[in-house]
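Below is one structure, written out as C-alpha cells; the observations come after it.
There are 6 protein chains.
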Amino acid sequence: MKLLYFVPGSMSLNHDGARELQRRHELLKEIAPPDVAVSIKDYPQGPASIESVAEEQLAIPGVLSAAQSAQQAGFDAMIIGCYSDPGLAASREVSDALIIGPAEASLLFSLGIGRKTAIVTTLRSSIPSMEELVYRSGLKDRVACVRAVDIPVLQLRNEAARVRAELAAEVRQARLAGADSVIPGCMTLAFMDLEEHYVRDLTLPLINPVRAAVWLAYAYWGAGLHHSRAAFPVPRKLDQFSLGTASHERELADAKRAQS
Amino acid sequence: MKLLYFVPGSMSLNHDGARELQRRHELLKEIAPPDVAVSIKDYPQGPASIESVAEEQLAIPGVLSAAQSAQQAGFDAMIIGCYSDPGLAASREVSDALIIGPAEASLLFSLGIGRKTAIVTTLRSSIPSMEELVYRSGLKDRVACVRAVDIPVLQLRNEAARVRAELAAEVRQARLAGADSVIPGCMTLAFMDLEEHYVRDLTLPLINPVRAAVWLAYAYWGAGLHHSRAAFPVPRKLDQFSLGTASHERELADAKRAQS
Amino acid sequence: MKLLYFVPGSMSLNHDGARELQRRHELLKEIAPPDVAVSIKDYPQGPASIESVAEEQLAIPGVLSAAQSAQQAGFDAMIIGCYSDPGLAASREVSDALIIGPAEASLLFSLGIGRKTAIVTTLRSSIPSMEELVYRSGLKDRVACVRAVDIPVLQLRNEAARVRAELAAEVRQARLAGADSVIPGCMTLAFMDLEEHYVRDLTLPLINPVRAAVWLAYAYWGAGLHHSRAAFPVPRKLDQFSLGTASHERELADAKRAQS
Amino acid sequence: MKLLYFVPGSMSLNHDGARELQRRHELLKEIAPPDVAVSIKDYPQGPASIESVAEEQLAIPGVLSAAQSAQQAGFDAMIIGCYSDPGLAASREVSDALIIGPAEASLLFSLGIGRKTAIVTTLRSSIPSMEELVYRSGLKDRVACVRAVDIPVLQLRNEAARVRAELAAEVRQARLAGADSVIPGCMTLAFMDLEEHYVRDLTLPLINPVRAAVWLAYAYWGAGLHHSRAAFPVPRKLDQFSLGTASHERELADAKRAQS
Amino acid sequence: MKLLYFVPGSMSLNHDGARELQRRHELLKEIAPPDVAVSIKDYPQGPASIESVAEEQLAIPGVLSAAQSAQQAGFDAMIIGCYSDPGLAASREVSDALIIGPAEASLLFSLGIGRKTAIVTTLRSSIPSMEELVYRSGLKDRVACVRAVDIPVLQLRNEAARVRAELAAEVRQARLAGADSVIPGCMTLAFMDLEEHYVRDLTLPLINPVRAAVWLAYAYWGAGLHHSRAAFPVPRKLDQFSLGTASHERELADAKRAQS
Amino acid sequence: MKLLYFVPGSMSLNHDGARELQRRHELLKEIAPPDVAVSIKDYPQGPASIESVAEEQLAIPGVLSAAQSAQQAGFDAMIIGCYSDPGLAASREVSDALIIGPAEASLLFSLGIGRKTAIVTTLRSSIPSMEELVYRSGLKDRVACVRAVDIPVLQLRNEAARVRAELAAEVRQARLAGADSVIPGCMTLAFMDLEEHYVRDLTLPLINPVRAAVWLAYAYWGAGLHHSRAAFPVPRKLDQFSLGTASHERELADAKRAQS
C-alpha cells in the first residue's frame, strides 16, 4: 500500500521543521506494516499550527488539493495529519484515495477498547470545538470527556517533562469522569514517543491517533473497503476544481517514487 | 445598523450575475428595517455555486477575509450568504462583527413557530450534509426531515414553475413526516420571491432564511447581544492572519459609504 | 407594533407592586425599538409569585384569557411575563396574537451566542422543573447546566448586593460546567438592571430574557412570521371558551389607547 | 386502599353524563383489587372534553383542588382521569396523596411488556402534543409512534364500530413502525370495554390506561412507595393555596364514606 | 398468584446459605400481597455471587431452565433474583410465565416517584456494566448516576454498619448529582431490611428492588398484562431446548404444592 | 498473529457441517493477511444456529471457555463467530486475548465509510434484538435501519438465488431510509462469497463482518492496542472459573500447532 501522510500546515517553514518532518517520516515507517510505503508532505501555504477553528479551516484548501494529487500520483490512502480532521468529508468527495482522519480513526478504535474514551488535547480554548467534533461524530455517548494539558502546540516539544506530568494528571481526571481509555488529541503530542516515555504513568490504555490512522488505512485497504459515494458524492462541477497544480503533483510523484 | 450580506461565491462572474447581485441588494433593502444600511458583496475567487461540501469549504477563506474586513470597515454585522453557513464559527473567532448564518438563523426562528420544522434544499445529494448540519446544531429533535426539490442551484431561476411545483410537493411530504413549518434550504431559493409567489400553495408557514438572518442580526444588535468569546476565542496567532487585503477593505468601505 | 407584557401574577397587589409594575413598564419602553408601543398588565387573581409548578399552573387561566383579550384589543404580540412560560402552547391555540415566552426566547437567542448556555434561577427547589423545561424544549444538548442563587423571588429586590454576589458565583460554576453564556431564569431578576449593575462582574455574556422576548417578538413581526397552526391548532370547541370578559378587554383596549 | 378517580372535566353536565360517570364507576370497581374502595368525581367547572392543550390547562385548577381535598378526605391515591395527565407534577407538590396519571402509568407498564409501544389517540390534531408528552417523559426511545383514530372524544361512544375498525387499522400501522404493544391514548376510549370487544382484532397486546393507573396506584401503595419531595417540593407559600373549598371536601368525604 | 423467586446463583451452597434462602423466603412472604404464594429456589450450578459480566452470563442457562420449568409447574410469574436481570429477554422467549427483572422493575417504579433516580450497587468495578444496563434500557435521561458502596456481595451481611454508612454517603452524593430517589442495585443489599434499618438515614426515598419486582409482577397479573410476543418471539427451534429436566420440574412442582 | 475463529454453535454436527467449517477456514485464510495463522473451532454443545436471544445466550458458556483456552494456547486474538457478538464483554473479562465481535467490528468500520449504515439480517423476528444491539452500542445515530431477508439461517446456503434477490431488495429499501453502506448481519450470510456474487447488484458498499473482524483484530494487534481493564475488569473470583477443560485446551493447542 502507498500511503501519504499530509501535514496540513507549514511545518517545513517552522524552526527545525524540516528535521521534525523527517523525524515523523521515520516514526511512520516504524509504525506502519512492512508492505506500506509511507510518504510525508506538508502545506507551506497553511498555518504554522492548528489551534483554532479559523486555522483549521485555512488548512482545508491544501487538504483538498493534496487529496486530488495523491490520487493522481497513485497513492492508495492519505492521512490528514491534524487531529481536527480538516477537510475530511470534502476531500472524500474530490478524491478516489482512501482519506483517513486521525480523530475519526482514534475514536473508531476506542469503541473496541472500552466503553468510554477521553480526548486530551493541547489548549483549553480548543475544548469546545473538540467537543463539537465528538458531538458531530454521533459518538458522544462513548466519550466521557475532553480535557487539555493547556500547553500551546509549538511549545509541546520543548516542554516534554511538563507535558508528561500534565497528561498523567488529565488522565486521572478523565478516569474519574468515567473514561476507560485515552486519546492524545493533537498530532504533535501523538508523535512525542508516547508509548516509550509516557504510557508507564498512565492508568488507562492510550490510543495513539498516528497508529490508529495508519492501521485503519491499512485495514480498510486490506478488507477491500472504500468510502461510500452515497455519503460523499462527486461534486457536479468537479472539472472546475483546479486544486492540484502540476508542480504539486510532480512533487508527490517524486516522493512516492523515492519510496518504492 | 450597518449590515454586510456576503455571497461566498463568484456570483458576479456568473451569467447575469451582476444583475442578480443588484436584485438581491434591492430585496434585502425591502426586507430590512428602515434604520439598517445593507451592503452586498460577492467572492470572485469562490465557487460558482455551493452544492457540495468541497465547494462549501473552498468558500471559507473568502468568508474569513470578509469578516475581518467587515469589522475594519465598521459593519455591525455580516450575513454569510449560503445556507450551509460556511465558516460561521471560524469567522466569529477572527472578527468582532456579529456573524450570522442563514441556516442557524432560520432553525433558531423555527423554534418559536412550531415543534418541528423541515428543510427543503436543492440537490438530493446534499441531503446527507444538510442532515449533518442539523445534527451538529443539536436541534435534530426539532427538525422533522430534510428534503430536496432536486434541481441544481444554477437552474433554479430558469425553472421557476417547476421549483414551485416541487416545493409544494416536498412540503406536503414534510407535513406527513411531522413538520409544522418549512425552510427553503438554499439562498437562491430564498431570494425567489417565495412570499409573493410560493406561499399560497404551501400548507405550512415558510421561514425564509434571508428574512430570518436579517432580523436575527437586527434583534441581536437591538438587544445588545454578541457572540461569546468563551465559545469563539480569538486565535493566539491572530496577527498572522493576513486575511483582509487593503484593496478588499477599501471596496467594503466604499460599499458602506454608498449606503449612508 | 403593539406589544402587551402580561405579568401572570398579582404583582399590583404586592407591597409596592403598582410602582414596580410602573417601573417595569418604563424599562420595557427603553428596551423596545421606537416603533413599539408597550402596555403592561398583571393578573390580580394569580399567585403573588411563581416559585413552584403549582403556582405556574394556577397562572395559566389568566394567560389564556389575556391572550384572547390581547387579540381582540388589537395587540400584535404578547409576552408572558414569567420565566417558566406558563400557558405558552395553550395560548397560541386560542389567540392570533404572537405569544412569546421569555424562557423560549432566551434559549433561542443563546444558540447564536455560543455553544452552551446556563440558566441561573432563584430557588434551588426550582432546578428540577427548570431542567425539565430545558429537556422538553429539545435543547438540552445546548444547555450546560441550571443553577440557582437560592433567594426567594419576593426577596430579590431587597437583597440586591447578595443577588449580585451569588449570581457572579453561580456564573463561575456554570463556566466550569462548560457554559459560554448565561441567562437569569426569573423575570424579577431580569428586571434588576442587570446590564447596568451586574454584567461587569460576569465572565460570560448575559442573555436578559426581557430583552430577548421583546426583540424576538419584534423580529418575528418584522420578518412576517407567525406560529404554525399545524403545531397549535385552534381547539374544536373554541366558541365555548369564555375566557376574556368584556371588562378585561376594555381595560386592555384602554391600556393600548394610552400608548398610541 | 381508598382511591379517587377524578374526571377533570364536566362529564356530569354532558348528555347522558351522569350515567356514564356511574358506568365508569362500576367498571373501576371491577378492575380494582377487592380491598380497594374506588370513588369517582368530576369537575363541573372544567371543559366538556379535553382535546386541546388549552382545555388540558383549564382542567388543572380542578385537579389541584381535588388533590388537596382527596388528602383531607383520607384518600390514599387519586387518578387524574385524562390521558394527558393534566396537573400531575403540580398536584404532587400540593398533596400527600399518591397522584397517578394514566399516561405515565401506561407508558411505565409498557416497559416490561415489550421494547417499543405505540399510543393511539383520538384526534389527529392532538398528535403533536401527545408526542411532546412522550418526549418530555424521557421515554421517546421506547415509543415507536403516536397515531390517531381521528374521531372526536364526544362521538366515540356513538361510533363504536368505526372506532373498532380505525383502532385495528392504526395498530397495524403501529406494528409496521416497530411497536410491539399499544396504548389507547384517551380515557373515553379506555373505558369502551376494549378488552371485551376490541382486543380480538389486535395483533399487539393492549395496555389499558385505566387498568394501568389503578394497578400502579395499588402497587405503589402495596410496596410502600411515595412521590419524592426532592422532585415535588411543597410550595413555600402552600398556606396561600385556597384550593379545596369546604363543600368540595365534604362531597369527597361523602363519596368515600359511601364506599366503606 | 403463584410466584417463583429464582436466585440464579448457588446460594444454598454458600456458608449459611440455606438459612439465608429461608430468611429471604420469609421476607418475600411478608412483602407480597396475601393472595400470592411465593416459592424460592436457587441454582446450585451457578456462581456463588454475581459481581462481573462473566458471572452474570454463566447464570443465564439456569434462568432459562427455571423459566421453562416454572411455566410447566404452573407458576404465574418468576422473578430473576439478581439486579442485573440476567436472561430477562431470553427467558421471556422460552416461557409463558411473566418474567420480572428487579432492575427493570425498580427503574420502572422510579419513573412515578421522581424525575431522576440513582442506583447504588456493591463493587465500584460494576459501575460500567450497570451504566450500560441503564443505557440499554433507554431510560438514561431518567437516571442521575450509578454509584457503589464498594463492598463485595459476600461481605455485605457481615458488615451491616459499614454498608449503612456507605449507603448514606453515596445517597448524599447521588442527591448532589440530581437524583431524587435511590435504588439499591444488588439483591443481597435489597434483602438487608433496608426499610427497617436504613431508610431513616436517607434523604431520598428508597425503591427496594425486591418490593418493586413482587408488586410489579402482581400488578401485571392483576391488570391482565403479559409480555408481547412481537417483542419476545418464541424461538423457531423451541422443541430443541432441553432446558428443564424432569427432576428440576418435579422440585418446582413440590415447592409450589407446599405453598398452596 | 495467531487468530482463532470460534463458531459458538454446533456447526460440525449439522448436515454437511464439517465441510462447511473447513470451507470457512479456507475463506478465512484467503481474507487474512499473510502473517496471520487462522484456526477455526466450533462448540458442539451449543445451538445448531443462533436465531433468538435464547440461543444467543446458550452459546455464551462456550465462548467464555474458548476465550480462556485461546489465551492458554497462545492465540493473540479470537473472533466470536456470530453476528450478535454473544459473550463479548464477559470473555474480555476472563481472557487476555483480543476478543473481537463481528457486529462491533463491522459497525466500527462503517463509521469511516459513510454517515449511516444498515444491517440486513436473516429473520424478521430478529430485528428487535438487533436494533437493541445497535442501541446498546451507542451508535444508533449512525445506523439508518435494520432489515431482514426473512430466510432462516439453516436455509440460506440452499437458497442462494433467493438470498441474492432479497438482499438486493432490502438494500434498496435501506438506501431510501438514508443508509449509505450495508452490513450483512449474519455470519452464514457473510461467508456466502458476497463479494464475488452479490456486490454487483448492490447500490451501496457492503461491509462484510468476517473481513471487518479479521482486519480489526489485525489492526489492533499491529497498533499495539488492547481492551481496557478499566472497562473489562478481571472478576474477583476468577480462579473459580473452571471454564476451559484440559481436553479443550489440548484441542486448541493442536489446532494452532497445525497452523504454524
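Protein chains in written order, with our numbering: chain G, 2 to 261; chain P, 2 to 261; chain A, 2 to 261; chain Y, 2 to 261; chain W, 2 to 261; chain L, 2 to 261. Every residue, glycine too, gets a C-beta built ideally from N, C-alpha and C.
Mark residue i as exposed unless 16 or more other C-beta atoms lie within 10 angstroms of its C-beta, in which case mark it buried.
{"i": "lysine 16/A", "result": "For clarity, residue 16/A is histidine in the given sequence; the question names lysine instead. Histidine 16/A is exposed by the Cβ-count criterion."}
{"i": "alanine 19/L", "result": "exposed"}
{"i": "serine 248/L", "result": "Reliability fails at serine 248/L, whose pLDDT of 47 lies under 50, so the model's placement of it is uncertain and the value that follows must be treated cautiously. Its Cβ having fewer than 16 others within 10 Å, serine 248/L is exposed."}
{"i": "glutamate 281/Y", "result": "Because residue 281/Y is not part of the residues shown, which for chain Y are 2 to 261, the question remains open."}
{"i": "threonine 118/W", "result": "buried"}
{"i": "glycine 113/W", "result": "buried"}
{"i": "alanine 178/W", "result": "exposed"}
{"i": "glycine 63/W", "result": "buried"}
{"i": "alanine 162/P", "result": "exposed"}
{"i": "arginine 24/W", "result": "exposed"}
For residue i, collect the residues of the same chain with a Cβ closer than 7 Å to its Cβ; drop the 5 residues on either side in sequence, then sort them by chain order.
{"i": "serine 96/P", "result": "Ala68, Gln69, Ala71 and Gln72"}
{"i": "lysine 141/P", "result": "Val135"}
{"i": "aspartate 36/L", "result": "Met2"}
{"i": "leucine 14/L", "result": "Pro45"}
What is the DSSP secondary structure of residue i, reduced to helix, strand or coil?
{"i": "methionine 79/G", "result": "strand"}
{"i": "threonine 122/W", "result": "strand"}
{"i": "phenylalanine 7/Y", "result": "strand"}
{"i": "isoleucine 51/P", "result": "coil"}
{"i": "proline 37/L", "result": "As written in the sequence, residue 37/L is valine, which differs from the proline given in the question. Three-state result, valine 37/L: coil."}
{"i": "leucine 190/G", "result": "helix"}
{"i": "valine 235/W", "result": "coil"}
{"i": "serine 85/W", "result": "coil"}
{"i": "proline 103/A", "result": "helix"}
Looking at residue j and residue i, is the spacing between their C-beta atoms short of 9 Å?
{"i": "aspartate 181/A", "j": "leucine 28/A", "result": "no"}
{"i": "serine 138/L", "j": "glutamate 167/L", "result": "no"}
{"i": "proline 129/A", "j": "alanine 231/Y", "result": "yes"}
{"i": "arginine 116/A", "j": "arginine 143/A", "result": "yes"}
{"i": "glycine 186/G", "j": "methionine 131/G", "result": "yes"}
{"i": "serine 126/G", "j": "proline 234/P", "result": "yes"}
{"i": "tyrosine 6/G", "j": "isoleucine 41/G", "result": "yes"}
{"i": "proline 236/P", "j": "glutamate 56/G", "result": "yes"}
{"i": "leucine 124/Y", "j": "glutamate 171/Y", "result": "no"}
{"i": "serine 50/Y", "j": "leucine 155/Y", "result": "yes"}
What does a CB cutoff of less than 8 Å around residue i pick up in its chain, not counting 5 residues either side in sequence?
{"i": "histidine 228/A", "result": "Arg93, Leu99 and Ile100"}
{"i": "alanine 33/G", "result": "Leu4, Val39, Val215 and Tyr219"}
{"i": "alanine 175/W", "result": "Ala119, Val121, Ala145, Cys146, Arg148, Val183 and Leu205"}
{"i": "isoleucine 208/Y", "result": "Ser107, Phe110, Ser111, Ile114, Thr118, Ser182, Val183 and Ile184"}
Closer than 6 Å by C-beta to residue i: which residues in its own chain qualify, once you throw out the five before and the five after it? Chain order, please.
{"i": "leucine 239/L", "result": "none"}
{"i": "alanine 102/G", "result": "The residue you asked about is not alanine; residue 102/G is glycine in the sequence shown. Answer for glycine 102/G: Ile81, Asp86 and Leu89, listed in chain order."}
{"i": "isoleucine 61/G", "result": "Pro87 and Gly88"}
What are the complete beta strand (DSSP E) segments, minimum 3 residues, inside the stretch 134-175 of chain A? 144-149
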